[in-house]
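So the sequence lines, in the order shown, correspond to chains A and B. Position 349 of the first sequence, counting from 1, maps to 349 under the working numbering, and the rest follow consecutively. To convert, take the position in the second sequence, counting from 1, and add 391; that gives the working numbering. All residues carry an ideal CB built from backbone N, CA and C; glycine is no exception. Scroll down for the structure; my scribbles are underneath it.
Protein chains: 2
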Amino acid sequence: MDRVFVVGVGMTKIGRFYEKHAKELFAEALWKAIDDAGGVKPQAIVVGNMTSSVLMQQDSLGALVADYAGFRGVPAFKVEAACGSGGVALYTGFALVKSGVADVVAVGGVEKLTEANTETVTRALAQAADADYEVFYGVTFTGLNAMISRLYMNTFNYTDEDLSLWPLKMHEYGSYNPYAQLPRKTTLEEILNSPLIADPIRLFHAAPIGDGAAVVLLVRGEEKAREVGKITGRDTLVELSTVSVATDSVDMSTRRDLLTMESTVLASRSALAKAGLTIKDIDYVELHDAFHITAYASLEDLGFAPKGMAVKLFKEGKFQKGDKPEVNFSGGLKARGHPVGATGVYQAAEAVMQLRGDFPGFKASSPETALIHNIGGVSTIAAVAVFKRVK
Amino acid sequence: MDRVFVVGVGMTKIGRFYEKHAKELFAEALWKAIDDAGGVKPQAIVVGNMTSSVLMQQDSLGALVADYAGFRGVPAFKVEAACGSGGVALYTGFALVKSGVADVVAVGGVEKLTEANTETVTRALAQAADADYEVFYGVTFTGLNAMISRLYMNTFNYTDEDLSLWPLKMHEYGSYNPYAQLPRKTTLEEILNSPLIADPIRLFHAAPIGDGAAVVLLVRGEEKAREVGKITGRDTLVELSTVSVATDSVDMSTRRDLLTMESTVLASRSALAKAGLTIKDIDYVELHDAFHITAYASLEDLGFAPKGMAVKLFKEGKFQKGDKPEVNFSGGLKARGHPVGATGVYQAAEAVMQLRGDFPGFKASSPETALIHNIGGVSTIAAVAVFKRVK
Chain A
1 MDRVFVVGVG MTKIGRFYEK HAKELFAEAL WKAIDDAGGV KPQAIVVGNM TSSVLMQQDS
61 LGALVADYAG FRGVPAFKVE AACGSGGVAL YTGFALVKSG VADVVAVGGV EKLTEANTET
121 VTRALAQAAD ADYEVFYGVT FTGLNAMISR LYMNTFNYTD EDLSLWPLKM HEYGSYNPYA
181 QLPRKTTLEE ILNSPLIADP IRLFHAAPIG DGAAVVLLVR GEEKAREVGK ITGRDTLVEL
241 STVSVATDSV DMSTRRDLLT MESTVLASRS ALAKAGLTIK DIDYVELHDA FHITAYASLE
301 DLGFAPKGMA VKLFKEGKFQ KGDKPEVNFS GGLKARGHPV GATGVYQAAE AVMQLRGDFP
361 GFKASSPETA LIHNIGGVST IAAVAVFKRV K
Chain B
392 MDRVFVVGVG MTKIGRFYEK HAKELFAEAL WKAIDDAGGV KPQAIVVGNM TSSVLMQQDS
452 LGALVADYAG FRGVPAFKVE AACGSGGVAL YTGFALVKSG VADVVAVGGV EKLTEANTET
512 VTRALAQAAD ADYEVFYGVT FTGLNAMISR LYMNTFNYTD EDLSLWPLKM HEYGSYNPYA
572 QLPRKTTLEE ILNSPLIADP IRLFHAAPIG DGAAVVLLVR GEEKAREVGK ITGRDTLVEL
632 STVSVATDSV DMSTRRDLLT MESTVLASRS ALAKAGLTIK DIDYVELHDA FHITAYASLE
692 DLGFAPKGMA VKLFKEGKFQ KGDKPEVNFS GGLKARGHPV GATGVYQAAE AVMQLRGDFP
752 GFKASSPETA LIHNIGGVST IAAVAVFKRV K
């Protein structure tokens, strides 16, 4: 079976773009990716998006963005898996290319959140939770994560200060990332004094609300990838080895263990096995840190830390510059930002650039393998992809 | 590259199911498909759905239905392309199986429309049109189709009576279909006296609002399909030869010709070419007749009738029992019903049963090839799939 390669990436800066429609953000990212790939154009477009139906009253988003970007006619559609939509778009695009259904596929994600007021966007994001068994009773998405945070802190004896080290570091990384929504450093004091959203989660423990779009261009076969490399002058190829997706319940009340994201465990194991790697082989990671707790739980459930140990290890300097793996040098969802349906595609673009060595922010130590982890809900769905540098 | 076969199909009756959640409808269709396939279980689930975000305030629909049906853990996600969501789910599932990403994939569609009042559901369905350039100005989805109907009638000199022959015939076919929402015959008089929705479209010219779910189970390779055949006792295999998708603009004002659905033309040509067939080779068709005009335009744009001739040919008895192709013996969207995101999967299930010879309604004349045609918006997106009977 032919292998799949990423030949181009494109991102918009994440921010508040009142003046831009989602289709404009998407077109910007798509054409950046096409330019990055020396002009290779997509034969199909997969769009990860969560909220267009509710916040823009717009379905048919795939066709809309394709037409606006100049690709009327091309197969184009939306995939939705809440905040994991981008990762699932990558899974879909990987299959389209690998199967030969299309030779070149643009996998994109786009989200436009900032035009809605806080209540509206909070309700829209809560649709990742169970409408009947959770949201109906008034819980927000931050509320669900707050309960898990408290349980984690109580179970493993961590303090607010301990958990706050993650966002502190993310803001440092993000300060180097020209695409980041919050490209500035912060302090532990600022984090701990920021407003409580849902105890114990404070404003600076959570990803911001932002608009943005990202695209990666996939092609089938090493020959085609080398051909593109000749045009772009890149010797280094990046292979998308595999994408695995797994699910869990939507409502958390029926889970076996609130402190284990089983879909993340499943997707990580599956992706590593299909890529012929073990967790120790991974050099670089972009993981889904929508809240501080999500970062630590992800490190544990992906297999990088024993349960309950991620905070301690991070405090000791693990997962940082020079370690294996290095994690979230983009600034993560916390500082790079989290335009929900686009986040998984941002992660893919960042992983590819770190492998190529041309990420314009905080640079990884010449990684050869990278893993990305994107979830929807409290890991109701998890997508894990593995990338390899190929000389 | 391995071929893709359909080894099981399942459908719910279409109707008003106030007492059932979408996940219950989906699980019913999925388990019928599993039973039909002798117990083969999916390794991935693709869900075509349009309105869950707006009418159910529920995202993460893929994981929700998978978990409820007993498949927690399995990759499961939603694809959205308005009323063409089911066809696009089939496209996605086809790629997942063909690529080897999953060996057995359940492609399903589900829609729950009847709990909302008329205004709410009309607004939800209008999201298939352009929010900024069409819906903002007050047009409904029926309104857009009414304008095309009028243009078609004026251009080709047809009357209300002429166009009403389609729904008349569909109700006759539908009266034999146990899954149909409106399994009863009608009369030309009843059609022409039914209330005007948007001149010239009357109630009986349009598909009803309904709830329903359908699933088809895809497997990779003839060997696996034969294996299932041994269990189910079926000698006849049904191959899903190909699925093609194409797009057009969302807003109709920028189209070259309002009477040509270019995405349907593109998808039909592509699907036939990939299947190694011409339009003359197709024995059986299920096409997307959301309104009377849509049926005739589809016959023309798929390639079965010259432009402007479909009504005349249908009046002369073409596309009916004993002709080639035979069309919409399910009763079509008009009488079988149109649970929007599920419609494309109903069509697939019906085509498969007609090829196997076990469709429980109005039977085709032993077809060997079948084509289905599912669109979103006014063919903003079109999915065309070709199935073959394999001895």
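(message) Give me the subset of the segment 283–312 of chain A whose CB atoms are less than 9 Å from a CB atom of chain B, sorted by chain position.
(response) none
(request) Kindly give me the distance between the Cβ atoms of H764 (chain B) and V777 (chain B), rounded to whole angstroms, as I take these residues to be in contact under 8 Å. (result) Between V777 (chain B) and H764 (chain B) the Cβ distance is about 10 Å, and since that is not below 8 Å, they are no contact.
(message) Against chain A, with Cβ distances strictly below 8 Å, would F468 (chain B) count as a contact?
(response) yes
(message) Whole angstroms are fine: how far does the CA of G138 (chain A) sit from the CA of D248 (chain A)?
(response) 22 Å
(request) Please report the residue range of the beta strand (DSSP E) in which L535 (chain B) lies. (result) Looking at the DSSP string, L535 (chain B) is not in any beta strand (DSSP E); the run it does join, the alpha helix (DSSP H), is F532 to F547.
(request) For D199 (chain A), count neighbouring Cβ atoms within 10 angstroms of its own Cβ and tell me buried if that reaches 16, exposed if not. (result) exposed
(message) Taking the straight line between their C-alpha atoms, what separation do you get for S379 (chain A) and G344 (chain A)?
(response) 13 Å
(request) May I ask which residues mark the beginning and end of the alpha helix (DSSP H) holding E223 (chain A)? (result) E222 to T232
(request) Return no unless some Cβ of chain C is closer than 8 Å to the Cβ of I381 (chain A). (result) The structure shown has no chain C; the protein chains it does contain are A and B.
(message) Taking the straight line between their C-alpha atoms, what separation do you get for E286 (chain A) and M50 (chain A)?
(response) 20 Å
(message) Any C-beta of chain B within less than 7 Å: which residues of the segment 52–82 of chain A qualify?
(response) S53, V54, M56, Q57, Q58, D59, S60, G62, A63, L64, A66, D67, R72, G73, V74, P75, A76, F77, K78, V79, E80, A81 and A82
(request) Measure from the C-beta of D639 (chain B) to each C-beta in chain A and report whether the shortest distance is under 8 Å. (result) yes
(request) Could you confirm whether any beta carbon from chain A is found closer than 8 Å to the beta carbon of K432 (chain B)? (result) no
(message) Measuring straight from C-alpha to C-alpha, what distance separates L704 (chain B) and A696 (chain B)?
(response) 8 Å
(message) Relative to the C-alpha of E80 (chain A), which candidate in A:G376, A:K388, A:R389 and A:A106 has its C-alpha closest?
(response) A:G376
(request) Identify the continuous alpha helix (DSSP H) that holds R514 (chain B) and give its terminal residues. (result) T509 to A517
(message) Give me the subset of the segment 258–286 of chain A whose CB atoms are less than 8 Å from a CB atom of chain B, sorted by chain position.
(response) E262, S263 and L266
(message) Determine, for G377 (chain A), whether the minimum Cβ-Cβ distance to residues of chain B falls below 8 Å.
(response) yes
(message) According to DSSP, Y133 (chain A) sits in a beta bridge with which residue or residues?
(response) In DSSP, Y133 (chain A) forms no bridge with anything.
(message) Let's test the definition: count the other Cβ atoms within 10 Å of the Cβ of E552 (chain B) and tell me whether it reaches 16, buried, or not, exposed.
(response) exposed
(request) Kindly indicate which three-state DSSP category A696 (chain B) falls into: helix, strand or coil? (result) coil
(message) Counting only C-beta atoms, is F17 (chain A) closer than 8 Å to chain B at any point?
(response) no
(message) Against chain A, does A418 (chain B) count as a neighbour if the rule is that its beta carbon must be under 8 Å from one of theirs?
(response) no
(message) With H, G and I counted as helix, E and B as strand and the rest as coil, what does DSSP make of Y176 (chain A)?
(response) coil
(message) Run through chain B and tell me which residues come within less than 8 Å of L196 (chain A), C-beta to C-beta.
(response) Per Cβ cutoff of 8 Å: no residues; L196 (chain A) is ~26 Å from chain B at best.
(request) Assign F136 (chain A) to buried or exposed, taking buried as 16 or more other Cβ atoms, counted over all protein chains shown, within 10 Å of its Cβ. (result) exposed
(request) Please report how far the alpha carbon of S194 (chain A) lies from the alpha carbon of H288 (chain A), in whole angstroms. (result) 22 Å
(message) For a cutoff of 8 Å on Cβ pairs, would you count Q518 (chain B) as touching chain A?
(response) yes
(request) Could you spell out where the alpha helix (DSSP H) holding M353 (chain A) opens and where it closes? (result) T343 to R356
(request) Quick one: grab the DSSP three-state call for L165 (chain A). (result) helix
(request) Report the neighbours of K98 (chain A) on chain B: residues whose CB is nearer than 9 Å to its CB, in chain order. (result) A486, K489, S490, G491 and V492
(request) Can you say whether A664 (chain B) is buried or exposed, counting buried as having 16 or more other CB atoms within 10 angstroms of its CB? (result) exposed
(message) Rounding to the nearest angstrom, what Cα-Cα distance links L693 (chain B) and P751 (chain B) in this structure?
(response) 26 Å
(message) Could you check whether the Cβ of V88 (chain A) sits closer than 8 Å to any Cβ belonging to chain B?
(response) yes
(message) So within the segment 196–276 of chain A, which uninterrupted alpha helix (DSSP H) runs reach at least 4 residues, ignoring any that extend past its ends?
(response) 222–232 and 262–275
(request) For chain B, find out if any of its Cβ atoms is closer than 8 Å to the Cβ of A131 (chain A); answer yes or no. (result) yes
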